[in-house]
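Participant:
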Ligand SMILES: Nc1ncnc2c1ncn2[C@@H]1O[C@H](COP(=O)(O)OP(=O)(O)OP(=O)(O)O)[C@@H](O)[C@H]1O
Ligand SMILES: [Mg+2]
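Structure (structure tokens):
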């Protein structure tokens, strides 16, 4: 047993070392190029400064669209996750069903959002719609899993206690199950909304709507000062989202 | 006096377990009394109390609780369940809800449906709940969330919920098993006193014969799913309780005999 673990540990170390060496040898990271890149990056940053404030209206429009994509996308994920969460729960669904649904959700989680967005742009064209579909699809992989865990973690004892006290099924749902699940579901949904908002900032780069579109446009057309303004706006948004969500999540413990 | 509980030839085996959890159990419990249920681990105390609460299916025999016969295949109607209160060994409280909310949960069946659904108890319901909290000495905890309470405080909330339900029969499954000796006596004393004040019959299971002596008028001894004695507390001899635990047959003993 111990020997087996040692052999396994050695194999893993060798594999990691091999992978690092292979990457270093096959990528041409010559020291000279790395050094000469430094002034070029400095030059690039210099051209971003000072940021161009005239793109304010684009920033507002782009941010609003990103926010809309995240909100509607999260809503879509919630709507999909309620039934899928029930089907992925081992206390609600038979083994054959919940194993299948869990595998499906794991597969969905394995596909990066940006990839889904590219496929959706191909399917339905440019604009926020492919972004919304991509976010809803991608977020369901995680949210439905969270919901199923919230269902499975409901303690049975208080339900039996209310039943013993003469409360019918609706009152048991309302007073024994709902108080256990509601805060968990609220917290998970807010958490996923934060991720959706962060991740959809870059959707515009592949044409799926939102503020990312402007970053891509300005960088491609060498308007680095404008790109800088948008980047600053994105950073501010991310910080604001996090602050709001930390405050919100604290309410649901 | 009419009996609160009357049973004949009760028998039951848990699914997948060859041994009977209950066999030939016959009980007659006068209304208004406090009865202690003693017996070693696995004797069938929880099984018997669960059956009497109407939550066990597939048993045999006859059981009449508060004048109505229990159906082995069907849960009793909700209105009748409200008349039997159960205190769970592990409290069975809604952890994220407040103490008051949990105690009011005991009254859900007594409220008008929409008041219960919308969590808008009548002033009368709130008064009854607060009186139960006072009787259990935890009036000051009403607005606290249960997940912030100690084990002893939770125990009191569980008892208060049962009292607020205003049951005519209280079935308490080891209501003091995880408390220190002083606290245990205190809680049993308040439970039996509050029950007496409300004219309710109490059956509590326990592993402590001294508590049975102090707080019950009758003592029932169980072993291997059978009732081995059922007598007035003053007739309970030291010998009887010692034997109840010492001679307890368990699946291990034949093995031990072989070893010896
Ligand atoms: N869910 C179950 N499935 C199978 N067997 C069970 C189950 N619950 C109890 N039993 C068995 O039924 C018998 C009686 O159990 P019960 O819980 O009624 O005993 P108890 O007197 O309450 O014990 P304790 O003092 O340990 O709480 C035991 O042999 C136990 O192993
Ligand atoms: Mg028990």
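Protein chains in written order, with the numbering used here: chain A, 1 to 253; chain B, 254 to 513.
Virtual Cβ for every residue (Gly too), placed ideally from N, Cα, C.
1) For residue 396 (chain B), is the classification buried or exposed, using 16 other Cβ atoms within 10 angstroms of its Cβ as the cut-off for buried?
2) Quick one: which residues of the region 181-208 of chain A get their C-beta closer than 7 Å to a C-beta of chain B? List them in chain order.
3) Under 6 Å Cβ to Cβ from residue 514 (chain B), same chain only, skipping five residues before and after it: list those, please.
4) Flag residue 461 (chain B) as yes when its Cβ comes closer than 8 Å to any non-hydrogen atom of ligand 2, and as no otherwise.
5) Against chain B, does residue 248 (chain A) count as a neighbour if the rule is that its beta carbon must be under 9 Å from one of theirs?
6) Nearer than 8 Å: is that true of the beta carbon of residue 426 (chain B) relative to any heavy atom of ligand 2?
7) Report yes if the C-beta of residue 458 (chain B) is less than 8 Å from at least one heavy atom of ligand 2; otherwise report no.
8) Could you tell me the alpha carbon to alpha carbon distance between residue 240 (chain A) and residue 393 (chain B), rounded to whole angstroms?
9) Residue 298 (chain B): beta carbon under 8 Å from a heavy atom of ligand 2?
10) Give, in chain order, every unbroken run of the alpha helix (DSSP H) that is at least 4 residues long and sits entirely within the region 271-351 of chain B.
11) Closer than 8 Å to a non-hydrogen atom of ligand 1 - does that hold for the CB of residue 475 (chain B)?
12) Strictly by DSSP, which residues pair up with residue 32 (chain A)?
13) Are the C-beta atoms of residue 138 (chain A) and some chain B residue less than 9 Å apart?
14) Name the chain A residues whose beta carbon is nearer than 7 Å to that of residue 350 (chain B)?
15) Indicate, with yes or no, if ligand 1 has a heavy atom lying under 8 Å from the CB of residue 267 (chain B).
16) Return yes when the Cβ of residue 429 (chain B) is within less than 9 Å of the Cβ of residue 402 (chain B), no when it is not.
17) Counting only Cβ-Cβ distances shorter than 8 Å, please list the residues of the region 147-175 of chain A near chain C, keeping chain order.
18) Could you list which residues in chain A have their beta carbon closer than 7 Å to that of residue 418 (chain B), in chain order?
19) Confirm the yes/no value for this check: CB of residue 342 (chain B), any heavy atom of ligand 2, distance under 8 Å.
20) The alpha helix (DSSP H) that contains residue 85 (chain A), what's its start and end?
21) Mind listing the chain A neighbours of residue 346 (chain B)? Cutoff is C-beta to C-beta under 7 Å, in chain order.
22) Alpha carbon to alpha carbon, what distance is there between residue 354 (chain B) and residue 106 (chain A)?
23) Just the Cα atoms here: how many angstroms apart are residue 411 (chain B) and residue 427 (chain B)?
Facilitator: Taking the coordinates as given:
1) Within the second chain, the letter at position 143 stands for residue 396 (chain B). Under this definition residue 396 (chain B) is an exposed residue.
2) The residues in question are 183.
3) Nothing about residue 514 (chain B) can be reported from this structure: the residues present for chain B run from 254 to 513 only.
4) Within the second chain, residue 461 (chain B) is the residue found at index 208, counting from 1. Flag unset: Cβ of residue 461 (chain B) not near ligand 2.
5) Sequence index remark: in the first chain, residue 248 (chain A) carries index 248 (1-based). Against chain B, the CB of residue 248 (chain A) has no partner CB under 9 Å away; the residue lies outside that interface.
6) Here the question's residue 426 (chain B) lines up with position 173 in the second chain. For ligand 2, at least one heavy atom lies less than 8 Å from the Cβ of residue 426 (chain B).
7) Here the question's residue 458 (chain B) lines up with position 205 in the second chain. Result yes, Cβ under 8 Å from ligand 2.
8) By 1-based counting over the first chain, the position of residue 240 (chain A) is 240. By 1-based counting over the second chain, the position of residue 393 (chain B) is 140. Rounded to the nearest angstrom, the two C-alpha atoms are 40 Å apart.
9) Taking the first residue of the second chain as position 1, residue 298 (chain B) is located at position 45. Correct: residue 298 (chain B) has its Cβ closer than 8 Å to ligand 2.
10) Fully enclosed alpha helix (DSSP H) runs of 4 or longer: 298-305, 331-334.
11) Translated into positions along the second chain, residue 475 (chain B) becomes position 222. Yes - ligand 1 has a heavy atom lying nearer than 8 Å to the Cβ of residue 475 (chain B).
12) Here residue 32 (chain A) corresponds to residue number 32 of the first chain, with the count starting at 1. According to DSSP, which records beta bridges pairwise, residue 32 (chain A) is partnered with nothing at all.
13) Taking the first residue of the first chain as position 1, residue 138 (chain A) is located at position 138. Taking Cβ atoms only, chain B never reaches closer than 9 Å to residue 138 (chain A), which makes this a no.
14) In the second chain, counting from the first residue as 1, residue 350 (chain B) sits at position 97. Simply 179.
15) Counted from its first residue, the second chain places residue 267 (chain B) at position 14. At least one heavy atom of ligand 1 lies closer than 8 Å to the C-beta of residue 267 (chain B).
16) By one-based count along the second chain, residue 402 (chain B) stands at place 149. By one-based count along the second chain, residue 429 (chain B) stands at place 176. No, these two residues do not count as a Cβ contact at 9 Å.
17) Annotation note: the requested chain C is absent from the structure, which comprises protein chains A and B.
18) Position 165 of the second chain holds residue 418 (chain B). At a beta-carbon threshold of 7 Å, the residues of chain A lying near residue 418 (chain B) are 165, ordered along the chain.
19) On the second chain, residue 342 (chain B) is found 89 positions in, with the first residue counted as 1. Yes - ligand 2 has a heavy atom lying nearer than 8 Å to the Cβ of residue 342 (chain B).
20) In the first chain, counting from the first residue as 1, residue 85 (chain A) sits at position 85. 56-87 is the span of the alpha helix (DSSP H), which, as asked, contains residue 85 (chain A).
21) As a position in the second chain, residue 346 (chain B) is number 93, starting the count at 1. Within chain A, the residues near residue 346 (chain B) are 158.
22) Counting from one through the first chain, the residue named residue 106 (chain A) turns up at place 106. Counting from one through the second chain, the residue named residue 354 (chain B) turns up at place 101. Their backbone Cα atoms lie some 39 Å apart in a straight line.
23) By 1-based counting over the second chain, the position of residue 411 (chain B) is 158. By 1-based counting over the second chain, the position of residue 427 (chain B) is 174. Those two C-alpha atoms are separated by around 12 Å.
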